[in-house]
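**Q** Here our numbering is used: the first residue of the sequence shown is 535, the next is one more, and so on. Think of the CB as a built atom: it goes at the ideal place given N, C-alpha and C, for glycine as much as any other residue.
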Amino acid sequence: MELSHLIINNKPSENSNNLLQKNFNKESNDKKVYIETYGCQMNYSDTEIVLSVLSEFGYNETSDIEESDVLLLNTCSIRENAENKVYKRLDDLKKYKTQNPNLVIGILGCMAERLKNDLLKRRKIVDLIVGPDEYRKVPHLIDNLIETGEKGIAIKLSRVETYDDITPVRKKGVTAWISIMRGCDKFCTFCVVPFTRGRERSRNLKNIIDEAKRLSDEGVKDIWLLGQNVNSYKFGDEDFSDLLDKTANAVPNMRLRYTTSHPYDLSMKLLEVMTKHKNICNYIHLPIQSGSDRILNKMNRLYSVEQYMNVMKKAREMMPGVGLSTDIISCFPSETEDEHKMTLDVIREVRYDGAYTFAYSPRENTKAFDMEDRIDEETKNRRLDEIITIQRKISVEINQRLIGKTMPVLIESLSRKSDDFFMARTDCNKSVIVPKEFSYVSESGELNHKKNFHIGDFVNIKINKVNSATLFGDPVL
Ligand code: SAH
Ligand code: SF4
Ligand code: F3S
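Given below as structure tokens:
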């Protein structure tokens, strides 16, 4: 279940690319780069940085591979299937290299960092391998390749690089991402991120706030503050709560959200800041991973189920109606049937609005890779199914209680399924499908009075239909 807020694995839509070209491409640039992004929001945010670096060297983005000079895949290594997707994509892309032997093909991101030279060996069409901390080098590596024919590889991880001075080339829209920190020092035993992204480092607090203000001036209405573990943000004496507090004050009309926080570091101070500001969304994504203390310990997650439940309880007390979601890994090595049931119990007890659920995927060089008692595929499928079924039932029940309720939403984009509808979002992070045009009886009694809404509008919506992932409703004027 790969939903949009955490793991997004789609190609940029035609629509958003066109918007981007129209708004951000420089007229004087005559070279073209096509880029596909896989993985988490941080990778999407990094793609915006790469586009910014390349635009200074004469490149504009294109959504048409056939007209591109450079083709980049910004990749993810989190699970085996994320990597397989990219290998498969590289096979599909061979035909473009045959058509145009001058086409430069590069792999960016976590796979570049994890697989390094192997990637060059395994896929001959790859010309460049660039890890997440080396994006400033991309244009030089391309130039060098064109001049000398030498394949480019840059995979050093940095303790300081935050791209703090680079203004990302953002797609036009009402939502924007700001990366506030990079890397992760938590070393959960299943996870590749500390190896692909390196050590934690935080951006300058003032620069983040200035960026939020600039985005507000440009018409952005909703900002996600991003990091693998935002609660580890540290700049001088200031922590993530301070950053959130100051940003909320600096852009009082901006919706603010963040992802992801680690339960070990989520402080009361942060919950207090969240309750203090109306513009900080009433939503927390807090990955539990497992409902068993023994498994959490083997995962090196640094909290117990009881501690986690206390945070959830506190959040619900302090923030009534808070939207809660989580990540769960099913079938970590040696997970017993009883331990699996403990995870189901936690889901029933917390009653999450949504969960991102994954079957454990062994990743080479992580500690868990060498752990014994891997779970067989059949059990994996069954346990994951049980988790998904229970969570879906709970999500539907929670959403059904919203039928008939009126809630403010921000219209974010066109609905993916129909041009007659918009996708909007509630304060607690639920997607709502609303009609683009709405007929109503006007104050003077005129029937069939029509009103159009626009992306960026805040509208009150009365919910009339729901499923486990989406609400549907009509505007209330
Ligand atoms: N930094 C975030 C998570 C980033 S990865 C955090 O700690 O919360 C997103 C999710 O992918 C994780 O929460 C975990 O549930 C899942 N994940 C990570 N490694 C995995 C693996 N080896 N197999 C299956 N799922 C994994
Ligand atoms: Fe991976 Fe754990 Fe870091 Fe999240 S906190 S990125 S799961 S190591
Ligand atoms: Fe994937 Fe790297 Fe993000 S492994 S989830 S793209 S940090």
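Using 7 Å as the cut-off, classify the Cβ of residue 730 as near or not near the heavy atoms of the ligand F3S, replying yes or no.
**A** yes
**Q** Straight-line CA distance for residue 571 to residue 723?
**A** 26 Å
**Q** Cα separation between residue 630 and residue 588?
**A** 21 Å
**Q** Helix, strand or coil, according to DSSP, for residue 849 in the structure here?
**A** helix
**Q** Enumerate, from N- to C-terminal direction, the unbroken alpha helix (DSSP H) stretches of 4 or more residues contained entirely within the region 859-919.
**A** 871-884
**Q** On the criterion of 16 or more Cβ atoms from any shown chain inside 10 Å, does residue 847 qualify as buried, or is it exposed?
**A** Flag for residue 847 reads exposed.
**Q** Checking the sheet assignment: what are the DSSP bridge partners for residue 992?
**A** 944
**Q** Where residue 556 and residue 670 are concerned, what is the direct C-alpha to C-alpha distance, given to the nearest angstrom?
**A** Confidence at residue 556 is low in this model, with a pLDDT of 38, below 50, so its placement is unreliable and no value can be given for it.
**Q** From which residue to which residue does the alpha helix (DSSP H) around residue 672 run?
**A** Note, residue 672: alpha helix (DSSP H), 672-682.
**Q** Assuming residue 763 contacts residue 796 under a Cβ cut-off of 8 Å, what Cβ separation, rounded to an integer in Å, is found between them?
**A** Rounded, the Cβ-Cβ distance is 5 Å, consistent with contact.
**Q** Given that a residue counts as buried once 16 or more other Cβ atoms are within 10 Å of its Cβ, and exposed if not, what is residue 997?
**A** buried
**Q** Answer yes or no: do residue 798 and residue 711 have a C-beta to C-beta separation smaller than 8 Å?
**A** no
**Q** For residue 636, tell me which candidate among 1010, 945 and 604 has the shortest Cα-Cα distance.
**A** 604
**Q** Residue 751: buried (16+ other C-beta within 10 angstroms of its C-beta) or exposed?
**A** exposed
**Q** Given 7 Å as the limit, tell me if residue 762 has its C-beta closer than that to any heavy atom belonging to the ligand F3S.
**A** yes
**Q** Out of 910, 1001 and 586, which has the shortest C-alpha to C-alpha gap to residue 868?
**A** 910
**Q** Measure the Cβ-Cβ separation of residue 612 and residue 573 and say whether it is below 8 Å.
**A** In this structure, residue 573 lies closer than 8 Å to residue 612 by Cβ.
**Q** Count the CB pairs spanning the region 934-946 and the region 996-1010 that are closer than 8 Å, and state whether there are at least three.
**A** yes
**Q** Just to confirm the assignment, what range does the beta strand (DSSP E) spanning residue 957 have?
**A** 955-960
**Q** Looking only at its own chain, which residues have a Cβ that is under 6 Å from the Cβ of residue 691, when we skip the five neighbours before and after it?
**A** Once the five neighbours on either side are set aside, the close Cβ partners of residue 691 are 667 and 732.
**Q** Spell out the partners DSSP gives residue 984 in its beta bridges.
**A** In DSSP, residue 984 forms a bridge with 973.
**Q** Using 8 Å as the threshold, is the C-beta distance between residue 664 and residue 653 below it?
**A** With respect to the 8 Å criterion, residue 664 and residue 653 are not classified as neighbours on the basis of their beta carbons.
**Q** Thinking just about the alpha-carbon of each residue, which of 725, 758, 791 and 757 is nearest to the one in residue 834?
**A** 725
**Q** Measure the CB-CB distance between residue 714 and residue 742 and report whether it falls below 8 Å.
**A** yes
**Q** Among residues of its own chain, excluding the 5 on either side of residue 900, which ones have a beta-carbon nearer than 7 Å to its beta-carbon?
**A** 723, 724, 725 and 726
**Q** Could you tell me the alpha carbon to alpha carbon distance between residue 965 and residue 756, rounded to whole angstroms?
**A** 14 Å
**Q** Only counting the same chain, and skipping five residues up and downstream in sequence, which positions put a Cβ closer than 6 Å to that of residue 861?
**A** Cβ neighbours of residue 861 within its own chain (closer than 6 Å, five residues either side excluded): 821 and 890.
**Q** Tell me which same chain residues have a C-beta within less than 7 Å of the C-beta of residue 1013, skipping the five on either side of it?
**A** This structure leaves residue 1013 out entirely; the chain is present only between 535 and 1011.
**Q** Ordered along the chain, which non-local residues of its own chain (more than five positions away) have a Cβ less than 6 Å from that of residue 884?
**A** Contacts found: 846.
**Q** So, for residue 730: in the same chain, excluding its five sequence neighbours on each side, which residues have a beta-carbon less than 6 Å away from its beta-carbon?
**A** 611, 644, 647 and 648
**Q** Tell me the rounded alpha-carbon separation between residue 1017 and residue 689.
**A** No answer is possible for residue 1017: the residues shown for the chain start at 535 and end at 1011.
**Q** Measure the C-alpha to C-alpha separation of residue 969 and residue 929 and round it to an integer number of angstroms.
**A** 23 Å
**Q** Following the continuous beta strand (DSSP E) through residue 609, name the residue where it begins and the one where it ends.
**A** 604-609
**Q** What would DSSP say about residue 1009, mapped onto helix, strand or coil?
**A** strand
**Q** For the ligand SAH, is there any heavy atom lying closer than 7 Å to the beta carbon of residue 713?
**A** no
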